[in-house]
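In the UniProt record's numbering, the protein residues as written are 1 to 635.
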């Protein structure tokens with residue numbers, strides 16, 4: 001085909017229309033056009049494809065090509081979307097023009113084929129970004145492809161005099177959209193290196209012969225540069241608009257949170273001055289937010305609390321670690337000013353734009369909670385005082401009652417033995433026996449009440465020491481054998497004689513057995529059986545007291561163990577106990593790290609199970625020599 005002469009500087013050259021590469025260049029770069037009325041800017045970024053993106057299916061396709069790592073960031077997603085759309089438009093536009101180019105130019109030359117293939121490079125670059133989400137690397141590849149294409153065309157159209165070299169200025173302009181200075185500087189280096197490489201090729205004499213043709217190529221290249229620049233401008237406008245919209249949305253969200261939260265949010269400088277205060281100031285302190293700016297908040301802090309307030313701010317700024325502090329703030333009211341308690345949580349903050357450090361504080365009114373806490377402390381103190389008074393009262397009461405009771409029991413026992421003469425009437429003997437048994441019962445009640453009060457107050461002394469448990473069990477059984485036999489009840493012993501020594505309190509263990517045996521004897525009819533077993537099970541000592549007595553009803557069983565609570569299974573037996581025996585047992589078992597279980601059924605008897613660890617899990621120090629001696633004497 002015939003050509004048209006043109007001039008590039010002072011070196012004329014001919015551009016053959018049959019070369020084909022300039023047709024692809026024009027077709028690819030002239031696809032960019034101005035936005036159509038009523039069409040969104042992002043749908044007219046580049047080329048015919050971008051014009052059709054206004055259709056919802058194609059828009060969804062472009063959105064689906066955005067990498068998943070950036071979909072939650074509207075600004076980054078917009079940049080990826082514009083990059084992918086622009087490069088798809090160029091790449092697909094080149095592929096669409098390929099059959100037309102072949103039909104018009106026939107068999108292409110090698111140089112024109114390379115130029116045409118180079119024009120399609122944006123297509124795999126768009127695929128790279130979609131697959132990896134690496135926006136910076138995609139921009140580098142795009143800049144490299146564009147710079148190489150411009151150098152290739154420049155070499156074929158006059159070398160350093162080629163008007164195509166003006167397109168090298170677009171390379172860093174497009175790279176600036178990445179938002180990375182590193183990428184931008186690298187693209188500038190690519191443009192400079194491309195120009196320098198072309199100059200070296202020209203100086204070495206390796207420049208190919210200029211291509212000739214009937215078409216002036218300078219206007220075409222200038223038009224291509226203008227169209228490509230228009231596409232870049234549209235992409236820049238899109239990113240800017242999305243960035244402004246994201247900033248407005250973010251500010252609106254933060255403003256909504258600040259306006260509606262009940263907590264007071266403040267930002268402090270490095271010297272503690274308030275730079276920002278949320279609108280919650282009015283509701284919390286009764287003043288405007290502007291009154292806290294500077295040192296207005298500090299002036300409202302109670303004088304005694306100002307050191308703690310300043311220390312929290314300074315430590316947060318110095319260490320970068322969050323701090324919590326409570327202090328009092330003056331609240332303005334209709335009458336006299338009052339103070340409220342607030343909890344302030346300080347967090348360090350860094351301004352991404354300026355790099356300045358600050359402290360963000362969130363203050364919450366905790367006056368009500370503070371009042372409740374103080375009331376609870378006062379109530380607990382009163383309860384502790386009352387409990388201590390109760391223990392002291394019971395200790396005095398036990399002392400005052402035990403003295404006459406011991407006299408009653410002792411003298412009644414002397415009278416029972418008739419050491420000072422025989423009673424003339426049998427009724428007198430019955431009276432003396434009743435006096436003696438009633439005194440013993442009353443003394444037992446006093447001792448149980450005192451033990452229960454000490455256990456509840458945590459003042460019951462448990463002296464743990466290694467001891468053989470079998471003799472302790474035998475001693476308790478021997479003490480209760482006569483009482484059990486006098487009621488016509490059979491006592492059965494099933495004691496493992498090979499039981500190892502345990503670390504426990506001797507007196508507490510004996511008291512546990514005496515209470516359980518006493519209860520079993522009281523509530524077992526004549527002819528019944530009380531069975532005591534002791535064995536080693538899973539490293540624990542298990543003592544079981546089983547009786548065939550009246551049992552406990554199911555609705556009463558959960559209440560057994562509460563002080564002064566008795567079951568209603570048998571009305572005539574109710575007066576025989578105080579409801580303290582099981583309570584004392586539960587307390588003594590718990591003090592030694594054990595567990596207590598009670599199983600019963602009305603009319604079928606009761607099973608009381610005590611499980612004590614051989615070596616308690618919690619530290620129980622061995623008693624000193626004098627304590628061991630006292631334990632030996634008590635035993």
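Virtual Cβ for every residue (Gly too), placed ideally from N, Cα, C. This structure is a prediction, so every number in the text was calculated from the model and none was measured.
task = Please report the residue range of the beta strand (DSSP E) in which residue 268 lies.
result = 264-268
message = With distance defined between alpha-carbon atoms, name the residue in 128, 471, 608 nearest to residue 138.
response = 128
DSSP state of residue 701 mapped onto helix, strand, coil = Given that the chain is displayed from residue 1 to residue 635, the structure contains no residue 701 and the question cannot be resolved.
message = Could you check whether residue 600 and residue 607 sit closer than 9 angstroms to each other, using their CB atoms as the reference points?
response = yes
key: residue 478 - DSSP class collapsed to helix/strand/coil   = helix
Enclosing beta strand (DSSP E) for residue 329 [first to last residue] = 323-331
query = What are the residues that DSSP puts in a beta bridge with residue 541?
reply = 536, 612
message = Please report the distance separating the alpha-carbon of residue 394 from that of residue 583.
response = 17 angstroms
request  = Would you mind giving the Cβ-Cβ distance between residue 530 and residue 495, rounded to the nearest angstrom? I have them listed as a contact below 8 angstroms.
outcome  = The Cβ separation is near 14 angstroms, so there is no contact.
message = Does residue 621 come out as helix, strand or coil in the three-state DSSP assignment?
response = In this predicted model, residue 621 has a pLDDT of only 40, less than 50, meaning its place in the structure is not dependable; the value taken from the coordinates is given anyway. Three-state result, residue 621: coil.
key: Same chain, Cβ closer than 6 angstroms to residue 297, neighbours up to 5 away in sequence not counted   = 274
query = Using the C-alpha atoms, what's the distance from residue 472 back to residue 616?
reply = 18 angstroms
ask   = Per DSSP, what kind of secondary structure is residue 365 in: helix, strand or coil?
value = strand
query = Where does residue 525 sit, in a helix, a strand or coil, going by DSSP?
reply = coil
request  = State the beta-bridge partners of residue 191 as determined by DSSP.
outcome  = For residue 191, which the question treats as bridged, DSSP gives no partner whatsoever.
ask   = By a C-beta neighbour count over all protein chains shown, 10 Å radius and 16 as the cutoff for buried, is residue 422 buried or exposed?
value = exposed
ask   = Does the beta-carbon of residue 406 have 16 or more other beta-carbons within 10 angstroms, so that it is buried, or is it exposed?
value = exposed
task = Let me know the secondary structure DSSP gives residue 464 once reduced to three states.
result = coil
task = Please name the residue or residues paired with residue 422 in a DSSP beta bridge.
result = In the DSSP output, where bridge partners are listed per residue, residue 422 has none listed.
inquiry  = Which of the three DSSP states is assigned to residue 430 in this structure?
reply    = helix
query = So the alpha helix (DSSP H) residue 307 belongs to, where does it begin and stop?
reply = 306-319
First through last residue of the beta strand (DSSP E) which encompasses residue 341 = 338-350
inquiry  = Does residue 358 come out as helix, strand or coil in the three-state DSSP assignment?
reply    = strand
query = Apart from the five residues just before and just after residue 186, which ones in its own chain have a Cβ nearer than 7 angstroms to its Cβ?
reply = 140
inquiry  = Do residue 290 and residue 280 have their beta-carbon atoms positioned less than 9 angstroms apart in this structure?
reply    = no
inquiry  = Starting from residue 595, trace the beta strand (DSSP E) in both directions and tell me its first and last residue.
reply    = 595-601
key: Through-space distance from residue 89 to residue 124, alpha-carbon basis   = 12 angstroms
task = Measure how close the beta-carbons of residue 67 and residue 142 come, nearest whole angstrom, since I'm counting them as under 8 angstroms.
result = No, residue 67 and residue 142 are not in contact; Cβ-Cβ is about 16 angstroms, not under 8 angstroms.
message = Looking at the strands, I want to know which residues DSSP matches up with residue 605.
response = 601
Beta-carbon contacts of residue 147 that lie in its chain and below 7 angstroms, excluding the five residues immediately before and after = 168, 171, 190, 191, 194
query = For residue 531, does the three-state DSSP call read helix, strand or coil?
reply = strand
inquiry  = Pop quiz: residue 316 and residue 307 are said to be a contact at Cβ under 8 angstroms. What is the actual Cβ separation, rounded to whole angstroms?
reply    = In fact, because the Cβ distance is near 15 angstroms, the residues do not count as touching under 8 angstroms.
key: Classification of residue 205 by the beta-carbon crowding that lies within 10 angstroms, buried from 16 upward   = exposed
key: Rounded distance between the beta-carbons of residue 527 and residue 488, thought under 8 angstroms   = 6 angstroms
inquiry  = Only counting the same chain, and skipping five residues up and downstream in sequence, which positions put a Cβ closer than 7 angstroms to that of residue 483?
reply    = 521
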